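Engineer: In full-length UniProt numbering, the protein residues as written are 1 to 184. All residues carry an ideal CB built from backbone N, CA and C; glycine is no exception. No experiment lies behind these values; they were computed from the predicted model shown. I am attaching a structure below and will ask some questions about it afterwards.
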Amino acid sequence: MVESGVLTTGAKIVLKPTSLRTTVAQVYINDKPVRTAKPGENVTMRLTCGLEEITKGFVLVGAAEADEAKSVTKLVAQIAFVEALEHRPLLTAGYKAILHCHTIAQECTITKLLRPIDPKTGEALKKKVMFAKAGQSVVVRLEVDQSICVETFDKLPQMGRLTLRDEGKTIAVGKILKLETKAA
């Protein structure tokens, strides 16, 4: 799906997170070739690079905007802990789950719980938090092993929503607040 901008046949693009440069050979909507596609349109496309160079979760970015699309292994997110597993009733630092964000499905670790969220105001409180129970919301730092291309919810909501799943159950939903790049 085209999330933002316009996709055109012949466009120079970059695959993120690998930064592989390629060209859009053809764009298709409903199996019919088209010259352009706009945001919200589901597309299929043929690229000049090999199919083996692309995996689930990759993001295609216009060559001119390639530096704006960040590839990260660490991020800060606000999550609502919606359901605890019976044998894992608390969300703590070290908790491992599967992070789902746009088409990404990758194991992540909650490395730190940063702040609790006030249930009445929705604002982050300035106090420490060691764990969360089902029904609570917290700001956490997440880490993945391989770089992923995501965006903050404020900048691009479609790429900033996330779900955490464990043993086939959705345990948390949330939004990305901050990307922690290597320079940060």
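Run through DSSP, which three-state label would A105 get?
Structural biologist: In the sequence shown, residue 105 corresponds to position 105, counting from 1. A105 falls in the strand class under three-state DSSP.
Engineer: Suppose you measure from the CA of A64 to the CA of P33; what does that come to, to the nearest Å?
Structural biologist: Counting from one through the sequence shown, the residue named residue 64 turns up at place 64. Counting from one through the sequence shown, the residue named residue 33 turns up at place 33. Taking the straight line from one Cα to the other gives about 24 Å.
Engineer: Using the Cα positions of A184 and L20, report the straight-line distance between them to the nearest angstrom.
Structural biologist: Locating residue 184 in the sequence shown gives position 184, where the first residue counts as 1. Locating residue 20 in the sequence shown gives position 20, where the first residue counts as 1. Since pLDDT at A184 reaches only 42, below the 50 mark, its modelled position is unreliable, and the value read off the structure follows with that caveat. For A184 and L20, the distance between alpha carbons rounds to 24 Å.
Engineer: Between R165 and K175, is the Cβ-Cβ spacing less than 8 Å?
Structural biologist: Taking the sequence shown and counting its residues from 1, one reaches residue 165 at position 165. Taking the sequence shown and counting its residues from 1, one reaches residue 175 at position 175. Their beta carbons are not under 8 Å apart, which means R165 does not touch K175 by this criterion.
Engineer: Counting only runs of 3+ residues fully inside the region 106-159, write out the beta strand (DSSP E) ranges in chain order.
Structural biologist: Counting whole runs of 3 or more residues, the region 106-159 contains the beta strand (DSSP E) stretches 131-133 and 137-149.
Engineer: Is A77 helix, strand or coil by DSSP?
Structural biologist: Position 77 of the sequence shown holds residue 77. Correct three-state label for A77: strand.
Engineer: When the Cβ atoms of the region 84-102 are set against those of the region 116-126, are three or more pairs found closer than 8 Å?
Structural biologist: Contact between the region 84-102 and the region 116-126 is absent, because fewer than three Cβ pairs lie under 8 Å.
Engineer: According to the Cβ coordinates, are T170 and V82 closer than 8 Å?
Structural biologist: Locating residue 170 in the sequence shown gives position 170, where the first residue counts as 1. Locating residue 82 in the sequence shown gives position 82, where the first residue counts as 1. Cβ atoms of T170 and V82: closer than 8 Å.
Engineer: Can we say the region 133-140 touches the region 42-56, given the rule of at least three CB pairs closer than 8 Å?
Structural biologist: With a cut-off of 8 Å, the region 42-56 and the region 133-140 do not count as touching, because too few Cβ pairs lie within range.
Engineer: To the nearest angstrom, how far is it from the Cα of T111 to the Cα of V150?
Structural biologist: Indexing the sequence shown from 1 puts residue 111 at position 111. Indexing the sequence shown from 1 puts residue 150 at position 150. If I take the Cα positions, the gap works out to 18 Å.
Engineer: How would you label Q78, buried or exposed, when you count the other beta carbons within 10 angstroms and need 16 or more for buried?
Structural biologist: Taking the sequence shown and counting its residues from 1, the one referred to as residue 78 is at position 78. Looking at its Cβ environment, which holds 16 or more other Cβ atoms inside 10 Å, Q78 is buried.
Engineer: With V72 and S147 assumed to form a contact (beta carbons below 8 Å), what rounded beta-carbon distance in angstroms separates them?
Structural biologist: If you number the sequence shown from 1, residue 72 lands on position 72. If you number the sequence shown from 1, residue 147 lands on position 147. With a Cβ gap of about 6 Å, V72 and S147 count as contacting.
Engineer: Are there three or more Cβ pairs, one per stretch, closer than 8 Å when the region 84-100 is compared with the region 35-44?
Structural biologist: No, they do not touch.
Engineer: Does the beta-carbon of V24 have 16 or more other beta-carbons within 10 angstroms, so that it is buried, or is it exposed?
Structural biologist: On the sequence shown, residue 24 is found 24 positions in, with the first residue counted as 1. Its Cβ being crowded by 16 or more others within 10 Å, V24 is buried.
Engineer: Between L85 and chain B, is there a C-beta pair that is closer than 8 Å?
Structural biologist: Structure shown: chain B not included; a single protein chain is present.
Engineer: Helix or strand or just coil, what does DSSP make of E180?
Structural biologist: Taking the sequence shown and counting its residues from 1, the one referred to as residue 180 is at position 180. In the structure shown, E180 sits in a strand (DSSP, three-state: E or B).
Engineer: In whole angstroms, what separates the C-alpha of V27 from that of L60?
Structural biologist: Working through the sequence shown from its first residue, we reach residue 27 at position 27. Working through the sequence shown from its first residue, we reach residue 60 at position 60. Distance between the alpha carbons of V27 and L60: 13 Å.
Engineer: Between which residues of its own chain and L156 is the CB-CB distance below 8 Å, once the five residues before and five after are set aside?
Structural biologist: For the purposes of this step, residue 156 is taken as residue 156 along the sequence shown, with counting starting at 1. Hits under 8 Å: E3 and S4.
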